[in-house]
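Residue numbers (full-length UniProt numbering): 1 to 505.
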């Protein structure tokens, strides 16, 4: 009896444990899904056009719901005022940096239109038709006069606004003969303009602080020190980290088998020079390998310290060193990524290596990781980069990251040139608008260029004018797309300047 009860209790406990495990699994999956969705939404919002459309969907309905609530309680605010107010508000929020997105033009234009329409109505009722305002009918002469006055006055005052003609016409529809209509237009437009200014100054123009990850991150930089251009790569990473007050650089050296072998030979030579007896030789044979590894690591650390002192002196950014043992016979992506996690680095700046004209295997592995990576290809031995070219194809999170890195390199005294290539003149206007959206948040001297050519020939024609070209790694493209068209950085040949290839996690 007791055994049966105990068995049932064990079964119940096992089932409960199984249910708890399943619930934990479901929770983890939901959390992963939520993080992935939040990340995708954030990246989607990093496109300025998407951000503006979302603002329109949120701000305008809330704004006019509030205006309607006030209109229901205040009779002097006529509902027929809403159509021009809504169209003008759309112009403000949809194109916040263009000519008509001016609070002065919005308030002055709509108010001037209302005043001119009211003046035409009053003049027509009193002097042309000699009828009371209550008996006034819409007359084409008065409408034409209102349109004429609106055009002349808004032109003279430089407050031309499409919605001004709507407010001029609505006077005739409402039959208003009081100046209250003009006052209501002025007050309502001032309120809308105030809300627009708060949105534009506190959110839209500061969107890089809220949306673009690289402007508030990527300030702890890990630099694997290998290859003949390791010193230039370390300086490049230091320039990126030094743009932020919290920046730091971690230099990583990997002790490979040949380094240990060289240290072991040095130990043997020192033992021979000391003329040790046989027992000492037997004793040292046991520990020689570990002594050689320690010596190789010490030599690597000393070399890193020399580089770190040079970086701290020239750039003024804190610099740390890390030494790791090689895996799989040499430097591997796993070693780099593990070190980045251990040292709390959110950006890896690695020397660019080629194998058969393409990126090395370890570099492709880094490009497939969840850490931001910049592969730096030094062709000029330069350690300062003030003229930066950034070719982009569209305004996405990768493009914003590339522009941000370029701004860090150029600083206050350099120049950033953000470029795009088009295939036909029909694409030029959209391309110029896209580039304008990209550079709106840049706080340095910046220019935009649109070229009707392919990106490879454009870069090769203009590379001598720049210190570095910042390209995307194309890891946001599908595998099929990359198979059909190799990434731009792999198609470039004979580039006369430095190249930085950016991967966004």
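Where a beta carbon is used, it is the ideal one built from N, C-alpha and C, also for glycine.
- Note on residue 465: under 16 other CB atoms within 10 angstroms of its CB, so exposed under the neighbour-count rule.
- In its chain, beyond the 5 residues on either side, no residue has a beta carbon closer than 6 angstroms to the beta carbon of residue 228.
- Of all C-beta pairs linking the stretch 387–398 to the stretch 414–425, three or more are shorter than 8 angstroms, placing the two stretches in contact.
- As for any beta strand (DSSP E) of minimum length 3 sitting wholly inside the stretch 442–467, the runs are 445–451, ordered along the chain.
- The beta carbon of residue 243 is closer than 7 angstroms to those of 408 in its chain, skipping five residues each way along the sequence.
- Just so you know, the alpha carbons of residue 170 and residue 111 end up roughly 12 angstroms apart.
- Ranked by how close their Cα comes to the Cα of residue 298, the residues 491, 422, 83, 321 have 321 in first place.
- For residue 316, same chain residues with a beta-carbon under 7 angstroms away, outside a window of 5 residues either side, are 242 in chain order.
- Under the DSSP assignment, residue 387 falls in the beta strand (DSSP E) whose first and last residues are 387–391.
- The beta carbons of residue 233 and residue 223 sit about 6 angstroms from each other, so the pair counts as a contact at 8 angstroms.
- Within the stretch 302–375, the complete alpha helix (DSSP H) runs of at least 4 residues fall at 333–342, 361–367.
- Taking a cut-off of 8 angstroms for Cβ pairs, the stretch 106–123 and the stretch 149–160 touch, as three or more such pairs fall below it.
- Looking at the DSSP output, residue 220 bridges to 248.
- Per DSSP, the continuous beta strand (DSSP E) segment holding residue 417 begins and ends at 415–421.
- Excluding five sequence positions before and after residue 500, the CB atoms of its chain that fall closer than 8 angstroms to its own CB belong to 236, 374, 375, 376, 377, 405, 468, 469, 470, 471, given in chain order.
- Note that the C-beta distance between residue 87 and residue 63 is not below 8 angstroms.
- Counting C-beta pairs with one atom in each stretch, the stretch 137–151 and the stretch 187–196 have fewer than three that are closer than 8 angstroms, which means they do not touch.
- Pairing residue 439 with residue 495 gives a Cβ-Cβ distance that is not under 8 angstroms.
- The beta carbon of residue 455 sits closer than 7 angstroms to the beta carbons of 391, 421, 488 from its chain, once the five residues preceding and following it are set aside; these are given in chain order.
- Apart from the 5 residues on each side of it in sequence, residue 109 sits with its Cβ closer than 6 angstroms to the Cβ of 154, 159, 161, 164 in its chain, given in chain order.
- Rounded to the nearest angstrom, the gap between the Cα atoms of residue 91 and residue 205 is 17 angstroms.
- Close CB contacts of residue 393 within its chain, under the 7 angstroms cut and outside five residues either way in sequence, are with 420 (chain order).
- CA-to-CA, the gap between residue 314 and residue 361 works out to about 33 angstroms.
- Secondary structure note for residue 404: its alpha helix (DSSP H) is the uninterrupted segment 397–410.
- A Cβ-Cβ contact shorter than 8 angstroms links residue 347 with residue 372.
- Per DSSP, reduced to three states, the secondary structure at residue 471 is strand.
- Residue 95 sits exposed, since fewer than 16 C-beta atoms from the chains shown fall within 10 Å of its C-beta.
- The shortest CA-to-CA distance from residue 333 to any of 254, 400, 305 is the one to 254.
- Counting only the Cα atoms, residue 81 lies some 19 angstroms from residue 122.
- Between residue 444 and residue 411, the C-beta spacing is below 8 angstroms.
- By the CB criterion at 8 angstroms, residue 226 and residue 351 fall inside the cutoff.
- With respect to the 8 angstroms criterion, residue 450 and residue 486 are not classified as neighbours on the basis of their beta carbons.
- As the crow flies, the alpha-carbon of residue 425 is around 20 angstroms from that of residue 437.
- By the CB criterion at 8 angstroms, residue 55 and residue 106 fall outside the cutoff.
- Around the CB of residue 179, fewer than 16 other CB atoms lie within 10 Å, so the residue is classed as exposed.
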